[in-house]
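Have a look at the structure below before the remarks.
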Amino acid sequence: LLCSCSGSKNKGKDKDDTGAVEQGQIVDLKIFNGYTLKGNMFTNEMFADYDATVVYFWAPWSDASVYELKNIGTLAKRLPENVYLITVCLDSDEGKPKKILEDFDMSKIRTFVDGDADLKTACDSIVNIPCTVVVNGAGTVIGKPIVGVQEDFEKVYLKAINKALKDSGK
1329 LLCSCSGSKN
1339 KGKDKDDTGA
1349 VEQGQIVDLK
1359 IFNGYTLKGN
1369 MFTNEMFADY
1379 DATVVYFWAP
1389 WSDASVYELK
1399 NIGTLAKRLP
1409 ENVYLITVCL
1419 DSDEGKPKKI
1429 LEDFDMSKIR
1439 TFVDGDADLK
1449 TACDSIVNIP
1459 CTVVVNGAGT
1469 VIGKPIVGVQ
1479 EDFEKVYLKA
1489 INKALKDSGK
């Protein structure tokens, strides 16, 4: 898995109307089995319980990813019941992700460390991290990925979530 890390705040003309920076195409997450840090297996069917799911891709060696996790943890606590948040750790060696998540009081957030089918393809297609996508109840990616540390985190994420809800007719 080859990824690069975006440690600077994103400024520039490559942003779309949500504030997201170009990442490239992330595949829809329609079919997969994913395995969590706790060893549990979940499928893409978990998305069906929510109108939108925020999927945050990160790695423990990425300073930008770890920096952004505290914002992700705060966001997760403020989401309405119809919106869910999961994280996908792209490198789960040596128990480091578990420690980082505990440090940010995110141990209750479902974090995937392995998977197959669409989840594996999505992980393999990530060019820059952190990277976030919002999917609908069918696992279809709505809008463009959010890449790197966001200068106005809450505004960028809420705009992407609201767009996903609107596009899904919610």
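All the letters of the sequence shown, read from the start, carry residue numbers 1329 to 1498 under this note's numbering. C-beta: ideal position from N, C-alpha, C; glycine also. Nothing here was measured: the structure is a model prediction, and the numbers come from that model.
How is the beta strand (DSSP E) around residue i delimited, first residue to last?
i     : result
K1472 : 1469-1475
N1410 : From DSSP, N1410 is part of no beta strand (DSSP E); its letter is neither H nor E.
A1380 : 1380-1386
M1369 : 1369-1371
D1377 : Note, D1377: premise wrong, no beta strand (DSSP E); not H, not E.
Taking just the CA atoms, how far does residue j sit from residue i?
i     : j     : result
D1495 : K1427 : 36 Å
V1349 : G1423 : Only weak support exists for where V1349 lies, its pLDDT of 39 falling under 50; the value from the coordinates is given anyway. Roughly 30 Å separates the two Cα atoms.
D1442 : G1497 : 32 Å
L1493 : Y1412 : 12 Å
L1397 : F1360 : 24 Å
A1376 : D1452 : 24 Å
Q1351 : W1386 : Model confidence at Q1351 stands at a pLDDT of 46, short of 50, so the residue's coordinates are unreliable and nothing is read from them.
R1438 : T1415 : 6 Å
Would the beta-carbon of residue i be found less than 7 Å away from any heavy atom of the ligand FMN?
i     : result
A1380 : Absent from the structure shown: the ligand FMN. Ligands present: none.
Less than 8 Å between the CB atoms is what I'm expecting for residue i and residue j, so what's the real figure, rounded?
i     : j     : result
A1380 : N1464 : 6 Å
V1461 : I1354 : 5 Å
V1477 : Y1395 : 6 Å
Identify the continuous alpha helix (DSSP H) that holds residue i and give its terminal residues.
i     : result
V1462 : Segment 1459-1464 is the beta strand (DSSP E) holding V1462; no alpha helix (DSSP H) there.
V1455 : Where V1455 is concerned, there is no enclosing alpha helix (DSSP H), given that its DSSP letter is neither H nor E.
D1495 : 1481-1495
Quick one: what does DSSP say residue i is sitting in, helix, strand or coil?
i     : result
F1360 : coil
Q1351 : Only weak support is given to the placement of Q1351: the predicted model assigns it a pLDDT of 46, under 50, and the question is left unresolved by the model.
F1432 : coil
G1401 : helix
D1499 : Because residue 1499 is not part of the residues shown, which for the chain are 1329 to 1498, the question remains open.
D1446 : helix
For the stretch 1430-1445 against the stretch 1463-1472, are there 3 or more C-beta pairs whose distance is under 8 Å?
Contact between the stretch 1430-1445 and the stretch 1463-1472 is absent, because fewer than three Cβ pairs lie under 8 Å.
Given 8 Å, three or more beta-carbon pairs between the stretch 1366-1375 and the stretch 1386-1397
Verdict: no, contact absent.
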